[in-house]
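Engineer: In the UniProt record's numbering, the protein residues as written are 1 to 286. Submitted below is the structure of interest, expressed as structure tokens.
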């Protein structure tokens with residue numbers, strides 16, 4: 001069996017312009033001919049000579065989503081120079097704006113870092129001046145539905161898109177900034193499939209879940225220390241999308257934020273906003 005697999009690998013490596021997939025029980029093995037290609041770094045757990053070893057449900061190539069259960073076609077992929085040692089964190093705040101958002105903006109200003117705010121349309125209506133201030137201070141406004149009502153949002157594709165478009169227009173009316181960055185309320189897991197994904201891409205939406213959560217959106221309000229521990233437990237991630245919230249009730253998150261920022265600065269992370277992140281970051285398809 002080992003010799004058979006080895007022969008297949010040798011045959012596949014003869015083509016220098018394409019990438020192929022060999023599936024095993026839990027590992028997708030991609031032959032890339034001793035070149036570095038654009039992958040989500042968090043999806044790669046080993047790299048040796050001519051192979052990436054990826055223990056995930058999907059991989060993104062050339063802005064295409066390929067499920068591991070599907071047959072991977074012959075694909076020509078563009079080479080990209082990339083510093084694999086770079087460490088980047090994207091601070092993201094959901095469910096605002098609220099009056100507490102103003103305090104979060106002050107902390108971000110004091111530490112000279114920028115963040116991405118996934119705002120809810122009905123809150124934009126309620127707090128247009130705070131929405132405007134987020135943008136004026138150089139942060140990114142992103143879409144998180146209008147109602148945040150799961151039954152309405154996820155009743156069908158059209159309802160979801162209508163809520164995002166309505167929120168997009170509300171943001172534009174207030175700030176003259178048109179955002180195409182979206183986050184599914186509750187995350188995209190079990191809500192996104194290839195058909196829905198392609199529909200959203202046709203409308204130029206960029207979709208971002210997260211790979212670390214501070215835990216402030218789950219259960220009862222967490223204390224400051226728990227939020228800090230959750231937010232700084234980044235394991236081996238070199239690119240972090242950190243989920244936090246900025247509702248009026250998220251005072252513990254506000255209190256933990258300075259320590260979280262200081263921690264990642266000491267760890268050598270660069271702070272960026274998601275408009276600078278070229279690829280979507282989404283949970284595995286259902």
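The beta-carbon is built from N, C-alpha and C at its ideal position, and this holds for glycine as well. Owing to the predicted nature of the structure, the values given are computational and were not obtained by experimental measurement.
(1) Closest to residue 86 by CA distance: which of 271, 147 and 212 is it?
(2) Run the proximity test for residue 262: is its beta-carbon closer than 7 Å to any non-hydrogen atom belonging to the ligand PLP?
(3) Using beta-carbon positions only, say whether residue 254 and residue 100 come within less than 8 Å of one another.
(4) Comparing C-alpha positions only, which one of 231, 236 and 200 sits nearest to residue 156?
(5) Between 239, 248 and 132, which has its C-alpha nearest residue 170's C-alpha?
(6) Among 285, 240 and 280, whose alpha-carbon lies nearest the alpha-carbon of residue 183?
(7) Indicate the three-state DSSP secondary structure (helix, strand or coil) for residue 299 in the structure shown.
(8) What first and last residue would you give for the beta strand (DSSP E) that runs through residue 141?
(9) Look up residue 272 in the DSSP assignment and say whether it is helix, strand or coil.
(10) May I have a chain-ordered list of the alpha helix (DSSP H) segments no shorter than 4 residues that lie completely inside the region 157–183?
(11) DSSP state of residue 285, grouped into three classes?
(12) With distances taken between CB atoms, is the gap from residue 144 to residue 95 smaller than 8 Å?
(13) When burial is assigned at 16 or more other CB atoms within 10 Å of the CB, is residue 71 buried or exposed?
(14) Smallest Cα separation from residue 175: which of 202, 190 and 138?
(15) Please tell me whether residue 123 and residue 98 are closer than 8 Å, where the distance is taken between their beta carbons.
Structural biologist: In short:
(1) 271
(2) As for the ligand PLP, it is missing from this structure, which has no ligand bound.
(3) Yes.
(4) 200
(5) 132
(6) 280
(7) This structure leaves residue 299 out entirely; the chain is present only between 1 and 286.
(8) 140–143
(9) strand
(10) 157–175
(11) coil
(12) yes
(13) Note that residue 71 has pLDDT 37, beneath the 50 cutoff, so the model's placement of it is unreliable and the number below is only indicative. With fewer than 16 Cβ atoms within 10 Å of its Cβ, residue 71 is classed as exposed.
(14) 138
(15) yes
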